[in-house]
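The structure appears right after this line, and notes come after that.
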Amino acid sequence: MNDAIYIIIFIGAFLAVIITFFIITMLRYHRRYVRLQKDRVMNEIAVLENERKRMAYDLHDGLGPMLSSIKLNINSIDTTSKEDEAIIRKASHHIDETITNMRAISYNLLPVTLERKGLFEALREFIDHSSARSNLPIQLFLKHPVKIAKDKEIHVFRMLQEIIHNSIKHAKAKNLYIGFGYDEEKVVIFAKDDGIGFDYHHVKERSAGLGLKSIESRADLLNCLMLVESSPGKGTSWLFKFR
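Per this note's numbering, the sequence shown starts with residue 38, numbered consecutively.
Below, the structure written as structure tokens:
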């Protein structure tokens, strides 16, 4: 009888070891899978950002000056015909509109300022540009000088770019506040609008929630704590915290 009990205990202990080993192995494979998926996403985003950067530089440093030069040459044409003057003014106006639209495309692709002057100058520039085009007052608060690693700046910029876009296009907000600070040596970013709000989980599941999924993906790449509070009629608040 005692031998049978010992055998049962031994078999139980052996099975427990096997199951524990199996669970640990599965967890290791899962972590490796998540890490590989994260690396794949980071590589895909890096390729996308490099292509965006190339296109933004082509627009900013190539096509922009070319259009400005064409406008200068058109305006320098000397004519005494009122009809020709009207045509020149109209052509000059169309060039101005093209330059404005080109700058908007360039901002959306990648502000050259982000590469040349850093995140905060690029963000100020984008805020001024977005606010002027939409008439949405956007206030940026920097409680202390905030240092963010260069390789993380693009993700922060893209997240805030999407939040600003959502506040303008969907939220019907009258004000948008964006702030940076520190909490226990972690960078803290908050954004809040007074728009119509939305059901976060409902929108995320729909195709219209691609922008929200993009924010989540970049927050994940930053190993970032992300909190969203929103409900219909009560505006939207975002909080990001990372090292």
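We put the beta carbon where it would ideally sit given N, CA and C, even for glycine.
Everything numeric in this text was worked out from a predicted model, so none of it was measured.
- Collapsing the DSSP output to three states places L147 in coil.
- A distance of 8 Å or more separates the beta carbons of A256 and G232.
- Excluding sequence positions up to five before and after H181, its CB lies within less than 7 Å of the CB of G218, Y219, all in the same chain and listed in chain order.
- Only residues of its own chain outside the window of five on either side were considered, and among them none has a CB closer than 8 Å to the CB of R126.
- Between the alpha carbons of R65 and T57 lies a distance of about 12 Å.
- Rounded to whole angstroms, the Cβ separation of F227 and S267 is 13 Å, and the two are not in contact under 8 Å.
- By the neighbour-count definition (other C-beta atoms within 10 Å, threshold 16), G270 is an exposed residue.
- Per the C-alpha coordinates, the member of K229, L147, I60 positioned closest to L160 is L147.
- Between F178 and K223, the CB-CB gap reaches or exceeds 8 Å.
- At a cut-off of 3 residues, the continuous stretches assigned as beta strand (DSSP E) that sit fully inside the stretch 206-255 are 213-220, 223-230.
- Residues L146 of the same chain have their beta carbon placed closer than 6 Å to that of M92, with the five preceding and five following residues left out of the count.
- For T273, DSSP records a beta bridge to D230, S267.
- Beta-bridge pairing by DSSP links F279 to V224.
- Excluding its 5 nearest sequence neighbours in each direction, I136 has C-beta neighbours in its own chain below 6 Å: L104, listed in chain order.
- Taking C-beta atoms as the reference points, L259 and K206 fail to come closer than 8 Å.
- For I175, the secondary structure class from DSSP, reduced to helix, strand or coil, is strand.
- For I132, the closest alpha carbon among the candidates K187, S106, I201, W275 is that of S106.
- Cβ atoms of P174 and N212 come within 8 Å of each other, at about 5 Å.
- Assignment of L262 by DSSP, reduced to helix, strand and coil, places it in the strand class.
- When the beta-carbon positions are compared, L151 and I191 come within less than 8 Å of each other.
- R195 is the residue among R195, W275, L262, G272 whose C-alpha sits nearest the C-alpha of A83.
- Taken atom to atom, the span from the alpha-carbon of A128 to that of E134 is near 10 Å.
- The Cβ neighbour count for G155, taken over all protein chains shown within 10 Å, is under 16; the residue is labelled exposed.
- Membership of L104 in the alpha helix (DSSP H) is indicated by the continuous run 101-112.
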